[in-house]
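Numbering (this note's numbering), first residue to last: 48 to 198.
Please read the structure below before turning to the comments.
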Amino acid sequence: MLLRIVDVAKRREGWFIVNGVLIRYGLREHTLISCLNCRNYPLRYKEFGDRKFEGELIRLEDVKAKLLNMGSNRERLKMMVLFCLGNVVYAQTKVGVGANVVLDFFQRDVDDLEFCNTFPWGRYSFDYMVKKISHSHAMDHFGGLVKEKTL
């Protein structure tokens, strides 16, 4: 899809040309496809949670290993939520030494499962996706123009 991106002024949505048809991908389409809550963020959501993980770098692999070794209890449910957030909502794909750490925001959120249940994870994942495949990154990569027969 990145090869078919169209550079437009709107930075909160993606436009692609597929088989000559212009296709929009915005928050509305993301909501329909993901079925996740895409409402507005709650006020001061970035300040949520009092738990800090200073000095600890927790990778998704660490969460998975701990999850597999835990018994059935509430802590395991929190670990499952943390694993899901890191795998699905934030889509971390690297493993091993170069793996990304699980976000502090996620680590703080799992302490309150009601907050996790009502938080607009769809909007969060959409914002992350837009940031990662922003128009400027794709256009910079191709020098502002995708040439014919690039595929």
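Virtual Cβ for every residue (Gly too), placed ideally from N, Cα, C.
Remember, it's a predicted structure, so these values are computed and weren't measured experimentally.
What are the boundary residues of the alpha helix (DSSP H) that includes Y175?
168–179 is the extent of the alpha helix (DSSP H) around Y175.
Can you give me the Cβ contacts of G61 inside the same chain, cut-off strictly under 6 Å, excluding the 5 residues immediately before and after it?
Around G61: Y72.
Identify the continuous beta strand (DSSP E) that holds V65 and give its terminal residues.
Run containing V65: 61–65, per the beta strand (DSSP E) assignment.
Check whether the region 82–91 and the region 169–176 touch, using three or more Cβ-Cβ pairs below 8 Å as the test.
Because the criterion of three Cβ pairs below 8 Å is met, the region 82–91 and the region 169–176 touch.
Going straight from the alpha carbon of I64 to that of R91, what length do you get?
So the alpha carbons of these two residues sit roughly 38 Å apart.
Should R86 be flagged as near chain B, meaning a C-beta pair shorter than 8 Å?
This model lacks chain B altogether; it includes just one protein chain.
At what residues does the beta strand (DSSP E) containing I80 begin and finish?
Counting along the chain, I80 falls outside any beta strand (DSSP E), though it belongs to the alpha helix (DSSP H) covering 74–81.
Determine the direct distance from the alpha carbon of R121 to that of D109, and round the result to whole angstroms.
In a straight line, the C-alpha of D109 is about 18 Å away from that of R121.
Does DSSP put L4 in a helix, in a strand, or in coil?
Within the shown structure, residues of the chain are numbered from 48 to 198, placing residue 4 beyond reach of any answer.
Would you please state the rounded distance, in angstroms, between the beta carbons of M127 and L107? I believe it to be under 8 Å.
Going by Cβ atoms, the distance from M127 to L107 rounds to 13 Å, so no, they are not a contact pair.
Can you tell me whether D156 is buried or exposed, with buried defined as 16 or more other CB within 10 angstroms of its CB?
Flag for D156 reads buried.
Are the CB atoms of L104 and V136 nearer to each other than 8 Å?
For L104 and V136, no; Cβs fall outside 8 Å.
So, K205 versus F152, is the Cβ gap smaller than 8 Å?
Examination of residue 205 is not possible in this model, given that the chain is present from 48 through 198 alone.
Take R59 and list the residues in its own chain whose beta-carbon comes closer than 8 Å to its own, dropping the five residues that flank it on each side.
Closer than 8 Å at Cβ, skipping near neighbours: G73, L74, V177.
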